[in-house]
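**Q**
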Amino acid sequence: MPTPSRASPYDAPALITTRAQASILTPDGELLALGAQDAAAMLATLPPPMLIHGPATIRRLNLTPPGQPVPWFDLLELFLFIFPTRPVVPTARGMGMALGLTVPDPCEADFLRLILERLRAALVALTETREADTLSALLPLLSRAGWAWAGFVEDVLQTSPSQQRHPYEALRVWRRLPRWEEMAQRPPPGSRPVSPSEARLRLTRILGEGAETRPGQADYASAVTHALAPREGAGIPEIVLAEAGTGTGKTLGYIAPASVWAEQNDGPVWISTYTRHLQRQIEQELRRLYPDDAERRETVVLRKGRENYLCLLNMEDAVNTLASRPSPSPTALIGLSMLARWAEATEDGDLMGGDLPGWFGDIFGSSTLYGMADRRGECIHGACPHYQTCFVEHSIRRARGARLVIANHALVLSQASWSSLARDDVPDEDQLPTRYFFDEGHHLPEAADSAFSLALSGLEAAELRRWLLGAEGSRSRARGLRRRLEDLVATSPALEAPLDAILTAAHALPAPGWLGRLNGEDDSDQPVVPDLVVNASEQFFRALRAQLEARRIGSPRQDASECELHPAGEVLQEATYPLDTALRRLLSPLETLVERLKALLSEPDDALEAAQRLRIEAMIRSIRRRAISRVEGWIAMLDTVLEPDDAKGKAFIDLIRAEFLPGRQGETDIGLHRHWRDPTIPFASVMQGPAHGMLITSATLRDQTPIGGESGPDPRLVEQSWQSAETRLGTPHFIKPPLRASLLSPFDYAHQTRALIVTDVPPNDLDALASAYRLLFLASEGGALGLFTAISRLRAVHQRIAAPLEESGLPLYAQHVDTMDNATLVDIFRTELHSCLLGTDAMRDGVDVPGQALRLVVFERTPWPRPDILHRERRKALSPDDPRDYDDRLTRMKLRQAFGRLIRKGDDRGVFVILDRRMPSRLLSAFPDGVSVERVSLAEAVRQIGAFLPHTPTLEAEEPRT
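Converting from the sequence shown to my numbering requires adding 6 to each position, the first position being numbered 1.
1. By a C-beta neighbour count over all protein chains shown, 10 Å radius and 16 as the cutoff for buried, is residue 721 buried or exposed?
2. Smallest Cα separation from residue 755: which of 547, 908, 32?
3. Rounding to the nearest angstrom, what Cα-Cα distance links residue 477 and residue 488 in this structure?
4. Determine the direct distance from the alpha carbon of residue 232 to that of residue 238, and round the result to whole angstroms.
5. Quick check on the DSSP output: what are the complete alpha helix (DSSP H) runs of length 4 or more inside the region 833-904, in order along the chain?
6. Whose C-beta lies closer than 6 angstroms to the C-beta of residue 825 among residues of the same chain, with five residues either side of it excluded?
7. Go through its chain and collect everything with a Cβ distance to residue 631's Cβ below 7 angstroms, but skip five positions before and after it.
8. Please identify the residue among 804, 829, 811 whose C-alpha is closest to the C-alpha of residue 820.
9. Considering only DSSP beta bridges, list what residue 498 is partnered with.
10. Classify residue 131 as buried or exposed, calling it buried when 16 or more other Cβ atoms lie within 10 Å of its own Cβ.
11. Whole beta strand (DSSP E) runs in the region 269-314 with 3 or more residues, listed along the chain?
12. Could you tell me which of 680, 30, 808 sits nearest to residue 784, measuring between CA atoms?
13. Write down every uninterrupted run of the alpha helix (DSSP H) in the region 319-392 whose length is 4 residues or greater and which is fully enclosed by it, in chain order.
14. Check whether the Cβ atoms of residue 622 and residue 607 lie closer than 9 angstroms to each other.
15. Tell me which residue opens and which closes the beta strand (DSSP E) that residue 570 is part of.
16. Out of 409, 321, 244, 278, which one is the CA nearest neighbour of residue 306?
17. According to DSSP, is residue 38 part of a helix, a strand, or is it coil?
18. Go through its chain and collect everything with a Cβ distance to residue 558's Cβ below 7 angstroms, but skip five positions before and after it.
19. How many angstroms separate the CA atom of residue 924 from the CA atom of residue 597?
20. Hey, quick one: how far does the beta strand (DSSP E) through residue 666 stretch, first residue to last?
21. Whole angstroms are fine: how far does the CA of residue 194 sit from the CA of residue 4?
22. Residue 702 bridges to which residues according to DSSP?
23. Helix, strand or coil for residue 582, going by three-state DSSP, please let me know.
24. By how many angstroms is the C-alpha of residue 256 removed from the C-alpha of residue 326?
25. Which whole-angstrom value is the C-beta distance of residue 422 and residue 543, which I expect to be below 8 angstroms?
26. Measure the Cβ-Cβ separation of residue 917 and residue 944 and say whether it is below 9 angstroms.
27. Could you have a look at residue 222 and say whether DSSP puts it in helix, strand or coil?
28. Tell me whether residue 755 sits in a helix, a strand or coil according to DSSP, three-state version.
29. Counting pairs of Cβ atoms below 8 angstroms between the region 338-358 and the region 138-154, do you hit three or more?
30. Is the distance from the Cβ of residue 454 to the Cβ of residue 87 below 9 angstroms?
31. Is the beta carbon of residue 23 sitting closer than 9 angstroms to the one on residue 45?
32. Going by the beta-carbon positions, is the gap between residue 745 and residue 792 smaller than 9 angstroms?
33. From residue 950 to residue 881, what distance separates their C-alpha atoms?
34. Tell me whether residue 50 is buried or exposed, calling it buried when 16 or more other Cβ atoms sit within 10 Å of its Cβ.
35. Please specify which runs of the beta strand (DSSP E), each continuous and at least 3 residues long, are wholly inside the region 25-106, giving them in chain order.
36. Can you tell me whether residue 952 is helix, strand or coil according to DSSP?
Structural data, given as structure tokens:
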């Protein structure tokens with residue numbers, strides 16, 4: 007489909023398609039409904055079409071993607087250009103809702119003309135604002151790159167490409183962004199408690215008049231106030247374990263007392279959840295408390311790790327690289343222009359789950375975003391020319407004055423961990439909060455395991471080498487330690503010697519090309535020969551691989567394989583000594599460099615500018631975090647290799663693991679991994695110091711084993727369920743026991759739900775499994791969430807049922823298949839009323855789709871814990887008397903989480919189906935009281951779904967959340 011030099015979208019056909027059929031509005035106004043194959047053939051004879059989400063459309067029609075830049079008129083691109091930070095679901099219905107249009111059902115291709123007219127009107131309105139200058143400045147580059155909409159925008163803005171400025175000036179947004187200014191340090195917060203009556207009053211104010219009454223919500227808010235009471239002694243935080251059944255309204259329930267405490271004590275409450283998507287959900291809830299945008303921006307701050315934000319220095323490098331080329335890539339030019347448009351309008355610069363659309367990489371190429379964030383820890387802090395416009399530094403400073411900070415478990419645990427190791431000579435950059443609310447608290451053990459584990463792998467070691475030495479001659483923009491310190495070395499010669507020693511010792515880490523050598527055809531079954539290895543670390547990783555190949559039981563899984571470290575083989579022990587020596591040679595000059603940087607800080611205050619002092623402190627923290635702590639941990643792990651194994655009372659689990667690298671066919675990383683046997687021990691250790699109060703809350707803190715009969719709950723069994731929850735969450739490691747609170751769900755599950763176990767779908771038969779999903783999804787007429795315990799089975803089922811479902815008018819989306827992020831997939835599922843969605847764990851936990859947009863949940867098999875070495879050792883440690891009961895508890899909690907996706911409002915109705923006839927009856931207590939679970943045939947399940955759910959649901963789309 008060739009691109010005319012100034013093609014017009016009014017002359018283009020409009021196209022909406024599924025995998026089975028397409029709606030086409032021809033240039034002469036004829037509206038056609040064609041099969042996908044006929045539509046593909048017809049498009050070959052027409053000008054480039056106007057559509058929504060071009061890559062997805064082309065995939066649905068099985069067409070070969072055109073050359074770049076793409077010739078079609080993608081309305082998403084125009085929407086982003088006009089509204090760079092406004093959320094929009096990337097479908098016709100979603101875009102219509104975002105623009106305030108009345109959306110027909112079904113949407114046909116002529117609806118795209120209405121969307122175009124609404125976008126044109128919005129563009130005309132921008133001509134009267136300051137944004138018109140920004141749009142006009144970007145047009146020369148976009149026109150030069152062949153952007154399909156360039157001519158249309160020029161005509162509306164009544165402008166032509168100007169050559170008055172440097173053509174790349176429009177991309178240099180860092181010159182136009184606001185600068186932060188240092189403020190006086192915030193005084194420590196007060197300790198005034200919040201009374202239950204104050205919490206209830208604030209909750210009533212947030213809900214407003216006429217709000218839905220949620221039994222238990224006010225009681226929950228009252229219980230939360232205990233976590234805001236003054237602590238009685240150092241290292242003795244007040245802890246609340248609060249289990250709030252689905253529908254209780256726990257988010258507003260804890261926001262109410264948290265906001266009162268923050269206002270009264272002039273201090274922050276940090277609200278932590280498990281995923282970025284859930285952070286945004288909490289932020290949306292806070293609009294009810296702070297409806298004014300300006301007040302909310304001052305009061306509420308969302309914090310993530312540095313790797314989530316746009317790095318302006320990386321963007322400058324990308325722009326300069328593009329500008330230096332005589333023929334820059336048109337695709338890169340368009341992508342960077344769109345990124346610049348967003349960067350100048352974004353509220354916080356968050357690339358991952360913020361106000362940059364999750365479909366950006368799919369439309370403009372993932373390479374545009376790759377490397378735009380500081381994912382390798384290469385930040386040079388105060389030495390960066392963009393330090394005072396940096397998005398990360400803005401968020402850090404806003405958080406210092408905020409009342410409510412919405413973070414995630416990974417950031418909170420990392421921050422608390424580093425602060426517990428911080429030394430008085432170089433304090434941590436943030437003053438730690440005293441009150442922490444952990445939402446989705448059932449994920450804390452998992453988050454703690456990730457935060458406090460350590461890996462000596464080829465990838466980790468190569469990353470450290472890259473951090474120390476830089477790109478080593480490649481075209482990468484990686485900055486080595488010398489470049490980050492070069493101006494300090496120039497004025498402080500004492501830094502030169504340890505820096506040289508560090509860079510010399512770093513050559514013992516895996517050299518460029520290590521992965522190819524490690525994954526060579528001859529290295530899996532050949533003995534380690536010294537003259538075949540490049541350095542000590544590569545020799546060690548070869549030895550690890552040899553031991554794994556020798557001791558692995560069964561075939562390797564698709565994603566990873568593992569074996570125990572002990573007893574370490576002779577070859578591995580021999581390879582350990584040289585690496586241990588090499589790491590100690592690296593550690594010593596690193597510590598010397600830090601001491602000499604600290605000496606610079608001891609100079610009189612007037613000898614260093616404030617920015618220089620802050621920069622040196624930041625560099626010391628970076629070296630300690632990125633290098634010293636890592637190398638110290640690796641040396642300790644190597645000591646373990648050389649020691650005899652004594653598992654009794656051992657705090658750690660050491661194992662060898664090979665993991666397949668995403669996007670690299672057949673290549674694996676190999677490493678020695680160390681995990682805490684009980685990861686809540688370090689969690690308690692780092693939290694008991696800063697925390698004065700902690701809330702750990704979730705809908706599924708406890709395993710709901712049968713705890714009573716007709717006469718009521720058995721107190722002994724209730725106590726056992728709480729003790730098990732406390733053991734898993736680590737509260738016995740704190741001095742003071744927690745306050746317990748349990749609020750039941752207000753929903754009438756017996757009336758609103760059905761639960762079915764299908765008994766005639768053969769296990770491990772993918773065709774039968776796919777057929778079952780297809781029939782069940784058709785019975786519910788969409789609105790169905792399919793959950794899988796393995797990505798491979800998800801993909802296999804999707805491949806088999808996507809086309810048949812879409813032939814029946816049920817669009818199918820899938821995690822790990824569609825290239826959009828999870829939040830965007832959930833937004834589409836929430837908006838497209840008859841769509842279906844396939845997903846794994848991330849879709850099982852934390853997906854909030856109220857209303858009949860979700861009316862069926864299908865689980866492909868019983869979600870048993872993965873039977874790996876970590877699980878084996880932990881169940882021995884945490885449930886030594888009955889390991890099987892430990893497995894059952896974890897499985898029941900996963901089932902409870904999955905079932906909890908189904909009913910989110912008082913008038914919801916839904917069916918929960920498990921396609922596993924082997925599911926034991928002892929797990930059925932995972933379902934709420936009143937839910938009777940039936941074992942039925944697939945045909946009977948289809949009949950019951952059809953009878954229980956409306957045949958043609960009258961649905962209202964939920965407002966998309968971004």
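Glycine residues also receive a C-beta, built at the ideal position from the N, C-alpha and C atoms.
Bear in mind that the values here come from a model prediction, so they are computed numbers and not experimental data.
**A** Based on what the coordinates show:
1. exposed
2. 908
3. 12 angstroms
4. 12 angstroms
5. 847-850, 875-884
6. 368
7. 424
8. 804
9. DSSP output for residue 498 lists no bridge partner at all.
10. exposed
11. 275-279, 306-308
12. 808
13. 336-351, 366-370, 372-375
14. yes
15. 566-570
16. 409
17. strand
18. 567, 569
19. 57 angstroms
20. 658-666
21. Past the boundaries of the shown model lies residue 4; the chain is included only from 7 to 968, so the question cannot be answered.
22. 247, 444
23. helix
24. 49 angstroms
25. Actually they do not touch by this definition, with Cβ atoms about 31 angstroms apart.
26. no
27. coil
28. helix
29. yes
30. no
31. yes
32. no
33. 39 angstroms
34. exposed
35. 27-31, 37-41
36. helix
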